[in-house]
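Numbering (UniProt numbering), first residue to last: 1 to 277.
As structure tokens, then:
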């Protein structure tokens, strides 16, 4: 059974480590018995091992763990990008494991936003056009999409001139911020991020993390995989994954950039030490 640390002594919510009794009014994802095996030569390797997890609305959930623990595999499974070998995933009330591929693709476009380490933008297109193309997949009105994109570009501090530059003409930090606009353009239920600051310098990484903190303050639900402790401090909930199973959970409470980080850093450090990080 996974170990739970209520690191900042909050009792805001309760979560049972096995997940089987973890249903909550604000649950977005309920996953049970997730198992993923892959072929490794003549052997099969277990990446996820009968894993249960609940993702709640309004949480900024961070997934940490050593390399090879199954972090990205779990994130892709929860987002419907990969299908586990067995198990059940209910996302926003829908059994996504039972969906056909085309139905699942439509469901993802409506309910999920994605930000990866590499921005995944179309290089030949402008930042604005990348956002419009993503929005047009679910909404018919280009005018409406463009207006929403301009608001989002303003939120991530990208000016109008830069919005109309191609991806190859902007910095890595600007491209990553534009990928956040693309992720939010369809007002997703949940934003998934996989090592979103891994390719950025410290200044750009902080700018991107500040945006994610503001998103969370506005009520956006987020699931983020990271190896970086500073990134993890932005979340309110940290799950530690090892050998394809959740070994523990740490509740950091709400992030407040106006307060010193000392207490949060200490709480996370104690948790990770106990997990064997």
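C-beta: ideal position from N, C-alpha, C; glycine also. Being a predicted model, the structure only gives us computed values, none of them experimental.
Beta-carbon gap between residue i and residue j smaller than 8 Å
i	j	result
residue 240	residue 270	no
residue 249	residue 264	no
residue 221	residue 174	no
residue 309	residue 116	For the chain, the structure presents residues 1 to 277; residue 309 sits outside this window and is missing.
residue 231	residue 166	no
residue 52	residue 32	yes
residue 162	residue 127	yes
residue 113	residue 191	yes
residue 79	residue 108	yes
residue 282	residue 54	A question about residue 282 goes unanswered here, because the residues of the chain that appear run from 1 up to 277.
residue 244	residue 47	yes
residue 223	residue 96	no
residue 84	residue 77	yes
residue 92	residue 111	yes
residue 172	residue 200	yes
residue 169	residue 119	no
residue 181	residue 149	yes
residue 35	residue 70	no
residue 178	residue 233	no
residue 272	residue 252	no
Assigned exposure category for residue i - 16 Cβ within 10 Å defines buried
i	result
residue 242	buried
residue 21	Here residue 21 scores only 34 on pLDDT, less than 50, and its place in the model is too uncertain to base an answer on.
residue 216	buried
residue 226	buried
residue 129	buried
residue 143	exposed
residue 98	exposed
residue 105	exposed
For residue i, the residue or residues it bridges with in DSSP
i	result
residue 222	60 and 191
residue 89	31
Could you tell me which whole beta strand (DSSP E) segments of length 3 or greater appear in the region 163-215? 190-194
If we require 4 or more residues per run, which alpha helix (DSSP H) segments fall completely within the region 225-252? 229-232
Where are the beta strand (DSSP E) runs, 3 residues long or more, that stay fully inside the region 17-76, in chain order? 27-40, 43-56 and 60-64
- Query: Are the region 139-150 and the region 171-186 touching, with three or more C-beta to C-beta distances below 8 Å?
  - Reply: yes
At a cut of 8 Å, does the region 200-215 reach the region 38-53 through at least three beta carbon pairs? no
Going along the chain, which unbroken runs of the alpha helix (DSSP H) with 4 or more residues stay wholly within the region 92-137? 101-111 and 127-136
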